[in-house]
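Residue numbering for the sequence shown follows the numbering used here, starting at 327 and increasing by one per position.
Glycine included, each C-beta is placed from N, C-alpha and C at the ideal position.
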Amino acid sequence: LLMEESAPVDGELLYLVGEIHILRGEPRRALPYIERARRLRPLDARIMYSLGMCRQMLGDTAEAVNDLRAYIAAEPNDGEAMGSLSWIMLLLRNPSYADIDQALYLARRAVEADAENYRARGALAVALAARGDETTAREEAGLAIAAATADDQAAMIDELKLQLFRFGVVVE
């Protein structure tokens, strides 16, 4: 009923239903709700961010990058979003989106906004490694790993080590 185009539904409700699906690990179910919420509330920055993260979860990286860029334009001080976008850009194999300089800039800004953001520190470490700064990359990786202590963050640590290894940086 909520997804029928003729249904008189507020974008906020659609956004919340989509967020529930994302939190439950169901991005495929979340996407139509968030897309419709975006059509109803095109300037709502939270919806832009959720849409970008949902699309990233589904592997639609190009659209995720575009959504996150739009979100950051609307919310330029959101360190979490800058760290997420930086990380996504660093993992891309598509050179049109894998802009190391922009990823490095975003990761630095994200760390400035929130020094405890382990994902942003990880992105910064990988961007520094991609630029050939092995010493600083190792330092940032150590800080990222120290900040990522919970069990649910172990996958991020493994991913960080793998991405650093791509650039010849080994972290214990």
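Let me know the secondary structure DSSP gives L327 once reduced to three states. Summary for L327: the model assigns pLDDT 44, below 50, so the residue's position carries little reliability, and this model does not support an answer.
Could you give the DSSP three-state label for E361: helix, strand or coil? The three-state reading of DSSP puts E361 in helix, counting H, G and I together.
Closest by CA to H347, which one among M379, L369, L366? For the residues M379, L369, L366, the minimum Cα distance to H347 belongs to M379.
Let me confirm a value: G344 is counted as buried when at least 16 other C-beta atoms fall within 10 Å, else exposed. Which label applies? With 16 or more other Cβ atoms within 10 Å, it is buried.
Can you tell me whether F491 is helix, strand or coil according to DSSP? F491 carries a helical assignment under DSSP once its states are collapsed to helix, strand and coil.
Is DSSP giving G448 helix, strand or coil here? Helix at G448.
Considering only their Cβ atoms, is the gap separating S412 from A449 smaller than 8 Å? The Cβ atoms of A449 and S412 lie closer than 8 Å to each other.
Through-space distance from E338 to A433, alpha-carbon basis: Going by the C-alpha atoms only, they are around 30 Å apart.
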